[in-house]
Amino acid sequence: MGSSPMTSNQTSGPGPRPCIAVLGGSFDPVHNGHVALAKYFVTLLAPDELRVIPTGNPWQKHGLQATPEQRVEMVRRAFSQQSVAVVIDQQEIQRQTATYTIDTLQALRAELGPQASIVFLMGADQLQHLNSWQGWNRLFDYAHLGVASRPGFAMDESRVPAEVTREFTRRAATPEQIRQSAHGLTYLAKNLAVDISATEIRSALHNAKRPDTLVPAAVLDYIEQHHLYKN
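Just remember that our numbering sits 69 ahead of the position in the sequence shown, which is counted from 1.
Written out as structure tokens, the structure reads:
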């Protein structure tokens, strides 16, 4: 049975080293790619908690169309059937300034303590510009990186900056090693064949098309009920 997402910031997992999988994003809207990424690493790592963090004012993007409240509700609906405790963390929304991943991971580490294994999840496309993120090489001081790619993805300079490839490769580890340590390791999953764009979804909705295969049904119902992404 799935668990209902909570908005508490308390860790739910028992044991001396809890494992927290962290998924951040604008979620404008949340889609099946986000859900598949989370589900993959929940199965792989068996974390004690999935922490989903909607962005507040992301520095890379401008003009989010849904309100923070609407994005939180869509996230709640999308992750209602996970096999792990889900916490929707609104710290970036509440920050009300430009949000950087490094700040969020620092806050999570302060909250969860030095022993927790924190695994920040992302798609492989984000590796292509990871070195443009604020304090990108300090992310490893606070968390592991769990990255999922489509089959055939390679860590080469034609796709990923050399400094990112070098750092990512030298920190490569097994799921067990990640589960048993607090931060600083990486894992690349090469068989997550999901390629979905929120821009593609918004365009479909704007043109009165129903993207049934791209968005969880409960989220699509919410979008239609509130007439989101029509303009």
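Beta carbons are placed, not taken as given, at the ideal position from N, Cα and C, and that holds for glycine.
- The beta-carbon distance between M143 and V288, rounded to whole angstroms, is 5 Å. This is short enough to meet the 8 Å contact definition.
- Closest in C-alpha terms to R239, from the list M224, Q249, R228, V188, comes M224.
- L214 places its beta carbon 9 Å or farther from that of Y169.
- Where M224 is concerned, there is no enclosing alpha helix (DSSP H), because DSSP gives it neither an H nor an E.
- With a 10 Å radius around the Cβ and a threshold of 16 neighbouring Cβ atoms, T124 comes out buried.
- Under the three-pair Cβ rule at 8 Å, the region 113-122 counts as touching the region 136-151.
- The beta carbon of A212 sits closer than 6 Å to those of L174, I187, F189, H252, all from its chain and outside the five residues before and after it, given in chain order.
- Take W202, set aside five residues on each side of it, and the residues of its chain with a beta-carbon closer than 8 Å to its own are Y169, T170, I171, L208, in chain order.
- Residue range 267-275 is occupied by the alpha helix (DSSP H) that includes H275, with no beta strand (DSSP E) assigned at that position.
- With contacts defined by Cβ atoms closer than 9 Å, I292 and L283 do not form a contacting pair.
- Nearest neighbour of G93 by Cα position, chosen from E161, A176, F110, turns out to be E161.
- Contact check for H100 against P244 fails: the beta carbons are separated by 9 Å or more.
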